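Letter 79 of the sequence shown, counting from 1, is numbered 73 in this note's numbering, and no numbers are missing.
Even for Gly, the Cβ is constructed at its ideal location relative to N, Cα and C.
All figures in this text were calculated on a predicted structure; none of them were measured in a lab.
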Amino acid sequence: MNTETAVHERYSAASQAAEAALCCPVSYDPKYLKAIPAEVIEKDYGCGDPSRYVRSGETVLDLGSGTGKICFIAAQVVGPNGRVIGVDMTDAMLEVARRNAPLVAANIGYANVEFRKGRIQDLALDLELLDRELRAKPIASLDAFLGAERLADELRQRTPLVASDLVDVVVSNCVLNLVAPAAKRQLFAEIFRVLKPGGRAVISDIVSDVDVPAEMQTNADLWSGCLSGAFREDKFPLAFAEAGFPVVRILKREEQPWRVIEGIEFRSVTIEAIKNGAGTSSLRTKSAAALFTSPSRTDGLSFNATRGVSNDCGPRCC
Ligand SMILES: C[S@@+](CC[C@H](N)C(=O)[O-])C[C@H]1O[C@@H](n2cnc3c(N)ncnc32)[C@H](O)[C@@H]1O
């Protein structure tokens, strides 16, 4: 199974006809939904609400923006002085989001959202730009293939899809799990790269209480359904710490699993990771314990990013 193909096919279809079983039901602030067309809201494939943690005036990047719901909510929270960029790799999703953007702009009175085509684990590469260049020079030989790789590298340097140190807050709703295992480390490095010093990532995603077995990871339906690629709960914060985020905390954890498959619990969490900035180191020194642990012990997860080890995980892990 190629995970990217499975994800692309599933979400191309889900952009056309709403699929109720994809991801968990979430309640968004109704005051922000009024300005958003029904077509966008119906195709909600999220598992949390990272837009609740966005602030006025910020530059927001939404990874795997789908039909645009989180971007359109964030657009209202950041206001006319902020901006929102959604990135998705699926043309059919981008088409719905881009078609609805002017309608939302008319409803809220300003246009501050744009949608770009890219892979979230390779946020420097503008896939539409690369496509245009390659149409002029089709690949029909090994030399052309190697030339295309060099071209992609040049585009990453010259005209990055998302520049380094650009963003105040990276949000994502139920997408990181969909990225292929071999690309996950690069994904966290990319999130780190695009954030300004002191910027933060607020990510809602699906986690599992134990490792997902190999046979489930090769099931296209379970993978694209946001299950098989889930992070093991205790390893999710560590992935941010390993990418260089000094401060990581769990903002929300659903006690009730979303699904239980073969005894494995899959649930939604929302996590925040802060990139080092002027204020971060003093914050970290003064109250490291509070920053490295979840807000309440009932969250069941705490960890020490400095040591890079899990202190306390569920009864079925470690
Ligand atoms: C589960 S849906 C979530 C959509 C949206 N965040 C929401 O809350 O409704 C996953 C979305 O991420 C996109 N996606 C999955 N993997 C991606 C990747 N590696 N790069 C870019 N987009 C990706 C899919 O095309 C799809 O639109």
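Taking only the alpha-carbon atoms, compute the straight-line gap between residue i and residue j and give it to the nearest angstrom.
| i | j | result |
| --- | --- | --- |
| residue 285 | residue 178 | Bear in mind that a pLDDT of 46 at residue 285, under 50, signals an unreliable position, so the number given afterwards is only what the model happens to contain. Those two C-alpha atoms are separated by around 24 Å. |
| residue 249 | residue 198 | 14 Å |
| residue 141 | residue 63 | 38 Å |
| residue 103 | residue 84 | 28 Å |
| residue 33 | residue 135 | 43 Å |
| residue 132 | residue 149 | 17 Å |
| residue 193 | residue 79 | 15 Å |
| residue 86 | residue 10 | 8 Å |
| residue 229 | residue 195 | 16 Å |
| residue 24 | residue 6 | 27 Å |
| residue 299 | residue 82 | In this predicted model, residue 299 has a pLDDT of only 43, less than 50, meaning its place in the structure is not dependable; the value taken from the coordinates is given anyway. Whole-angstrom Cα-Cα distance: 30 Å. |
| residue 216 | residue 247 | 22 Å |
| residue 26 | residue 130 | 43 Å |
Comparing C-alpha positions only, which one of the options sits nearest to residue i?
| i | options | result |
| --- | --- | --- |
| residue 200 | 97, 264 and 212 | 264 |
| residue 164 | 8, -4 and 59 | 59 |
| residue 244 | 161, 110, 0 and 231 | 231 |
Does DSSP classify residue i as helix, strand or coil?
| i | result |
| --- | --- |
| residue 260 | strand |
| residue 229 | coil |
| residue 221 | coil |
| residue 173 | coil |
| residue 35 | helix |
| residue 197 | strand |
Quick one: what's residue i bridged to in DSSP?
| i | result |
| --- | --- |
| residue 80 | 56 and 109 |
| residue 242 | 267 |
| residue 253 | 260 |
| residue 202 | 226 and 260 |
| residue 167 | 198 |
| residue 147 | The partner list for residue 147 (beta bridge, DSSP) is empty, contrary to what the question assumes. |
task = Spell out a yes or no on whether the region 69 to 76 and the region 175 to 183 are touching, meaning 3 or more CB-CB pairs, one atom from each, closer than 8 Å.
result = no
query = Do the region 202 to 210 and the region 246 to 260 touch if we need at least three Cβ pairs shorter than 8 Å?
reply = yes
task = Report yes or no: do three or more beta-carbon pairs, one from the region 21 to 33 and one from the region 90 to 109, lie closer than 8 Å?
result = yes
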